[in-house]
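Below is one structure; the comments refer to it alone.
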Amino acid sequence: MINLINDVATVSNIKPIVVQGLMNNMGYTLIDNLIEQSYDDETVVEFNIGIGTLSLKIDDDEVKYIFKPSKQLESGIVAAINENENILEENIYESIDRHIYKTYKDML
-1 MINLINDVAT
9 VSNIKPIVVQ
19 GLMNNMGYTL
29 IDNLIEQSYD
39 DETVVEFNIG
49 IGTLSLKIDD
59 DEVKYIFKPS
69 KQLESGIVAA
79 INENENILEE
89 NIYESIDRHI
99 YKTYKDML
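Taking our numbering, the leading residue of the sequence shown gets -1, the next gets one more, and so forth.
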C-alpha cells in the first residue's frame, strides 16, 4: 500500500506526524459532522475532503462509502494513465526553475 502521509510530508516539508495529526483531525471532524447530521435523519451525508467528495449512505446499521474525485484530481489521474503525465514532478521542476531564476536575478 502507498503511504500518502509520508509522501505529502516529503513534498510539503512537513513532518509526517503533523500530516498524520491533520488527517486524524479531519477524521474526528468528519465523525462530529456525521453525528450532527444524524439528528436530521439524513440517509446520505457528503463531505468535501479536499480531493473530492466522500459520501456515506446510511441504511440502518450498514454504511456504504462512495468517493467522487474532484475535477482536478480526476483530470490528473486521467492524464497520468493516458499520457504518463506527472503533475507533481512538473510542479517541482517549475518551482526549481523559479528559484534558480530568482537567484540569478538577485545576483545581477
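Even for Gly, the Cβ is constructed at its ideal location relative to N, Cα and C.
On a predicted model such as this, the values are computed, not experimentally measured, just so you know.
In the DSSP annotation of this structure, Ile12 is not part of any alpha helix (DSSP H), being labelled neither H nor E. Taking the Cβ atoms as the reference, Lys62 lies roughly 16 Å from Gly50, outside the contact range of under 8 Å. Per DSSP, the unbroken beta strand (DSSP E) holding Ser53 starts and ends at Gly50 to Asp57. For the 8 Å CB-CB criterion, Lys55 and Ile64 form a contact. Bridge partners of Val43 according to DSSP: Leu54. CA-CA distance, Glu44 to Asp104, rounds to 48 Å. Annotated three-state conformation of Glu34 is helix, per DSSP.
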